[in-house]
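If you want my numbering, it's the 1-based position in the sequence shown plus 27.
Backbone N, C-alpha and C fix where the C-beta goes; we use that ideal spot for every residue, glycine too.
Data block below; observations after.
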Amino acid sequence: MDLSPELWKALLAASRQDWTRMESWACEVSGGRIEFFSGGRWHCSHPLDTEQSRALDLLSPLATAPDSFCMAQLGQSLDGRIATASGDSYFINDKVTRRHLHRLRGLVDAVIIGAGTAIADQPQLTVRHVNAPNPVRVILDPSGRVPMKGPLFEDGRDSPTTLHLVGPGLKPVRAGEHVRRVVIETNEEGFEPANVIRLLEEFGHRRILVEGGGVTVSRFIEAGVLDRLHLLIAPLLIGSGPPGINLPVIERLSQVPRRTMRAYPCGDELIVDMAMHQR
Ligand SMILES: NC(=O)c1ccc[n+]([C@@H]2O[C@H](COP(=O)([O-])OP(=O)(O)OC[C@H]3O[C@@H](n4cnc5c(N)ncnc54)[C@H](OP(=O)(O)O)[C@@H]3O)[C@@H](O)[C@H]2O)c1
């Protein structure tokens, strides 16, 4: 499942429109015209192949969301692991699926990771596999244990902004033009995910991707604040290592909400798109 550069450009342009005010938006593409509708439907004046159609089906709801949204992703093995026991997660997914992750980054305003991922991976969280602007990078670090160095804290002329969210007791710091440490209230579980989303909205970031790791994504699921979850499933059985999703124990299956999901083949991997609101 992939998108041509031209259709990606059209989708990205659609995502930059003000969907709080419009029902549809169209642009010319070679051979005709493509129109996007609020909520995710799209129509192209000429037939597209299955790959392109699937990619548009998967991504258009994000590009044309009329309100703020918060989604999460996890790249995982078939047995639900997101890294080996030693913390190695580069790379669970192959390049086509990683390109999907970079498209998600390109469509959102801000990407959130937990302190564990910031320390273990020292990721850049920039968009490199497709053409798109970089999102703001957000680190959830209530005790301030993430060292303020490495790619996330670089402060070059073109560096994307990094918001380092820490708990009370730590000092807010402006560590350069692009790096800001912001203090946010905690409860016994850390930051309330809804408060994190509210803070980002106050900064003007209304489309949010929670990129990992498992602890962070699980807390956002538990708090009921996610609109969608993308599981990027690779044909691996790791058999040990951190699980993607880990939620409080539930007694009865009948208490587990049944979600709506669609699966999209992506090379020899699978992207599962789940709507996180209960039916
Ligand atoms: N395959 C993938 O898609 C993927 C994606 C990302 C990471 N990874 C892998 O996952 C591993 C790390 O994941 P992880 O689950 O151990 O850690 P993580 O989710 O990256 O970080 C967890 C930590 O972040 C902080 N945190 C998260 N949510 C918070 C909240 N609501 N309030 C306050 N603090 C919050 C807490 O820090 P404190 O402990 O300081 O309170 C928490 O312990 C690494 O091996 C990485 O390579 C895989």
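Separation of Leu192 and Gly59 (C-alpha to C-alpha, rounded to the nearest whole angstrom) is 46 Å. For Thr243, the distance from the CB to the nearest heavy atom of ligand 1 is below 7 Å. For the pair Ala90 and Phe63, the CB atoms are nearer than the 8 Å cut-off. Here the C-alpha atom of Val135 lies approximately 19 Å from the C-alpha atom of Glu33.
DSSP lists Gly217 as the beta-bridge partner residues of Asn214. By the Cβ neighbour-count rule, Pro162 is buried, with 16 or more other Cβ atoms within 10 Å of its own. For Gly141, the uninterrupted beta strand (DSSP E) run begins and ends at Ala137 to Gly141, by DSSP. Ligand 1 never approaches Arg208 closely enough for any of its heavy atoms to be under 7 Å from the residue's Cβ. When secondary structure is reduced to three states using DSSP, Val276 falls in the coil class, being assigned neither helix nor strand.
Counted as a single uninterrupted DSSP element, the alpha helix (DSSP H) harbouring Gly241 occupies residues Gly241 to Glu249. Rounded to the nearest whole angstrom, the C-alpha separation of Thr77 and Glu219 is 41 Å.
Between the stretch 223-243 and the stretch 136-149 there are three or more inter-stretch CB-CB distances shorter than 8 Å, so the stretches are counted as touching.
Taken from the Cβ of Pro169, at least one heavy atom of ligand 1 lies inside 7 Å.
Judged by their CB atoms, Val165 and Ala147 are not nearer to each other than the 8 Å cut-off.
Pro292 is bridged by DSSP to Leu297.
Burial is judged here by how many other beta carbons sit within 10 angstroms of a residue's own beta carbon; Ser87 has at least 16 and is buried.
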